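Chemist: So the sequence shown is residues 12 to 134, counted in the numbering used here. Cβ coordinates follow ideal geometry from the N, Cα and C atoms, glycine included. If you're wondering where the values come from, they're calculated on a predicted model, not measured in any experiment. One structure coming up, written as structure tokens, with questions to follow.
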Amino acid sequence: MTTIKLKTWYCPACPYHQDYDPADEELHAVHYPDVPATRCPACFYGRNPERVQRESDLLVQDDPDKQVSINIIGEEEIAQMEVPTEERDENEKVIMRPLNDDEKVEERRKMQEALNACNARRA
């Protein structure tokens, strides 16, 4: 499995964090049209743990343990994947089966698509 750490911004006043640059006004407006660029949306709307509206700017997260991460499965994990069947065993537990070849191809496609999207974001 591959883990990719994404550049992350966080609010120093609450637990909010995001994986896109809040200074990018166009992108920020797509997610939060009413919130000024660089501001924490949770604090702006009062959706923080204290339920208090306040002005707080998002900062770059330098601690790798606190950065947003994405896990991408590899060939080994695809080979071991199983999917549920309609059948159940004597204890009513769903019976699982290995992926068929078409399903493995689809999982590989999804894996490559996710990797391409991560690489595009990192550029």
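My guess is that aspartate 30 and lysine 18 are in contact by the Cβ rule of under 8 Å, so how many angstroms apart are they, rounded?
Modeler: With 8 Å as the limit, aspartate 30 and lysine 18 qualify as a contact, their Cβ atoms being about 7 Å apart.
Chemist: At a cut of 8 Å, does the segment 85-92 reach the segment 117-129 through at least three beta carbon pairs?
Modeler: Because the criterion of three Cβ pairs below 8 Å is met, the segment 85-92 and the segment 117-129 touch.
Chemist: Taking the continuous beta strand (DSSP E) assigned at isoleucine 84, which residues delimit it?
Modeler: Premise fails: isoleucine 84 is in no beta strand (DSSP E) and is neither H nor E.
Chemist: Which of the three DSSP states is assigned to glutamine 72 in this structure?
Modeler: Reduced to three states, the DSSP call for glutamine 72 is coil.
Chemist: Taking three-plus beta-carbon pairs below 8 Å as touching, is the segment 121-128 in contact with the segment 70-89?
Modeler: Output reads yes: the segment 70-89 touches the segment 121-128.
Chemist: Starting from valine 41, follow the alpha helix (DSSP H) in both directions and report where the run begins and ends.
Modeler: First-last of the alpha helix (DSSP H) with valine 41: 36-42.
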